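Below you'll find the structure, written out as structure tokens, and then a few comments.
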Amino acid sequence: MASTDSIPVIKVLIAMHPGMDTLDFAGPLEALSHAKHEKDNKDSKAFEVTFTAAEELTTTGQGAGLRAHINFKEAYTRLSEFDVLIIPGGGVEPIIKAKSEPLGIIRAYSDLQKKDPKKERTLMSVCTGSLFLAQQGILSGLSATTHPDYYAKFEKLCSEVAQRDLAERCDVVEERYVVNNLRFDLADEAQTPYVRRKSDAKPPPMKRKGSNAWKESNSRRESNARRAGLRLGGLRVITSGGISCGIDAALYLVSIMVNDDVANESARLMQYTWQKGMVVDGIDI
1 MASTDSIPVI KVLIAMHPGM DTLDFAGPLE ALSHAKHEKD NKDSKAFEVT FTAAEELTTT
61 GQGAGLRAHI NFKEAYTRLS EFDVLIIPGG GVEPIIKAKS EPLGIIRAYS DLQKKDPKKE
121 RTLMSVCTGS LFLAQQGILS GLSATTHPDY YAKFEKLCSE VAQRDLAERC DVVEERYVVN
181 NLRFDLADEA QTPYVRRKSD AKPPPMKRKG SNAWKESNSR RESNARRAGL RLGGLRVITS
241 GGISCGIDAA LYLVSIMVND DVANESARLM QYTWQKGMVV DGIDI
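In full-length UniProt numbering, the protein residues as written are 1 to 285.
Laid out in structure tokens, this is it:
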């Protein structure tokens, strides 16, 4: 987390790879780019996004050439700086077969959270990017989704990985996006942590929602202790369905890390109707 006069700047790393879907990358980027804090009557961007890839230029499955800010070698050395790691989908089979990036950086980011649960981190995949997470064993015991055309392949991979790692299977669900290890929203810090479910009709208390809650969650001793007791050291894991679902998941990130109004404004600027996904039962940190 970077900060300017107490306003948190959320640092995001997007891991690019050859053959990825252009909109899996561009959709979340667009949603995050519109999220702004208000500071002294001037807007400041809430998210700072960095692109990483094996080569300087990455060609997407649609033929677009995208230039990386940093290579993976530098990304590994700076990994602890980033609050969010986003993994686009597309071109997954050759990467899994070759065991190439972004598989390694996914594992490193997950391991970093387990070693250092004091910081709140989020790992988010778009579309078939969830297959990378499954391959690395990140989704064992969690709920997750992917593009509908890949449900069967996703189920098979999750089953194989569970057998390989002697771990729990992933619960594959049909949703726009699925969130595991959520946030900590309390009306009063002495209260029992609020547990969000898809079926909840009323919104969570607002006192600990958005940028202040996110910033405090990285420093509150009880949040750190609770986070350490969750799967993956409390790493928030979000998987989304295809393309437009990645925008929905990114808007969810904006809503919890900044606030709902900013997420709704981002959607309005894109002339996009935000569709909500599923938040798995659990302590919201």
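Even for Gly, the Cβ is constructed at its ideal location relative to N, Cα and C.
The model shown is predicted, which means the values in this text are computed figures rather than measured ones.
Contact between the region 159-178 and the region 54-65 is not established, with fewer than three Cβ pairs separated by less than 8 Å.
Contact between methionine 124 and valine 84 holds: their C-beta atoms lie close to 6 Å from each other, under 8 Å. With 16 or more other CB atoms across the displayed protein chains lying within 10 angstroms of its CB, aspartate 24 is buried. Proline 148 and glutamate 174 have their C-alpha atoms spaced approximately 8 Å apart. DSSP places arginine 268 in the helix class (H, G or I) of the three-state scheme. Where phenylalanine 47 is concerned, the enclosing beta strand (DSSP E) starts and stops at 47-53.
By the beta-carbon neighbour count (other beta carbons within 10 angstroms, threshold 16), leucine 32 is buried. Sequence-distant partners of leucine 251 (beyond 5 residues in either direction) whose C-beta falls short of 7 Å from its own C-beta, in its chain, are Ala31, Ala263, Ser266, Ala267, Trp274. Sorting Cys127, Leu131, Ser140, Leu142 by C-alpha distance to the C-alpha of lysine 153 places Leu131 at the top. Judged by beta-carbon spacing, valine 178 lies within the 8 Å limit of alanine 144, meaning their Cβ atoms are closer than that value. Beyond the five residues adjoining it in sequence on each side, serine 159 comes within less than 8 Å, by CB distance, of Arg169 in the same chain, given in chain order. Contact between histidine 17 and glutamate 101 is confirmed by a C-beta separation of about 6 Å, below the 8 Å threshold. With a threshold of 16 other beta carbon atoms within 10 Å, aspartate 261 falls short and is exposed. Rounded to the nearest whole angstrom, the CA to CA distance from tyrosine 76 to glutamate 120 is 18 Å.
In terms of Cβ geometry, valine 9 and leucine 142 do not form a close pair [threshold 8 Å]. The DSSP assignment places complete alpha helix (DSSP H) segments of no fewer than 4 residues inside the UniProt domain "DJ-1/PfpI" (11-164) at 22-33, 72-77, 92-98, 103-115, 129-135, in order along the chain. In this structure, cysteine 127 sits away from glycine 277, with a CB-CB distance that is not shorter than 8 Å. Scanning Phe82, Arg107, Ser255 for the CA closest to the CA of histidine 37 turns up Ser255.
Under the three-state reduction of DSSP, arginine 231 is assigned to helix. Judged by DSSP in its simplified three-state form, valine 262 adopts helix. Separation of arginine 176 and isoleucine 106 (C-alpha to C-alpha, rounded to the nearest whole angstrom) is 22 Å.
Alanine 35 places its beta carbon 8 Å or farther from that of alanine 26.
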